[in-house]
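A short write-up of the structure that comes next.
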Amino acid sequence: MKLRSPGFSNLGLFGGLAKGHLLQDAVSILGSLDLVIPEIDR
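For the sequence shown, numbering that gives the first Met the number 0 begins at 0 and goes up steadily by one.
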């Protein structure tokens, strides 16, 4: 059984969410994903 944190799954969505948007929108998109970096790095 593999367990992944919710932040890891949310980070996978970034490519789809950012496609077609400006680079400056990436900050807002990442902020809306509510990522916890140490949680992703496990």
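Where is the CB? At the ideal position from N, CA and C, for every residue including glycine.
Since the structure is predicted, the reported quantities are computational estimates derived from the model, not experimental observations.
- Looking only at Phe-7, Gly-11 and Met-0, the smallest Cα-Cα distance to Ile-39 is reached by Phe-7.
- Between Ala-17 and Leu-34, the alpha-carbon positions lie close to 15 Å from each other.
- With respect to Leu-10, Leu-32 sits close: the two C-beta atoms are nearer than 8 Å.
- If you look at Leu-10, you'll find it in the alpha helix (DSSP H) that goes 5-11.
- Straight-line measurement puts the Cα of Ile-36 at about 20 Å from the Cα of Asp-24.
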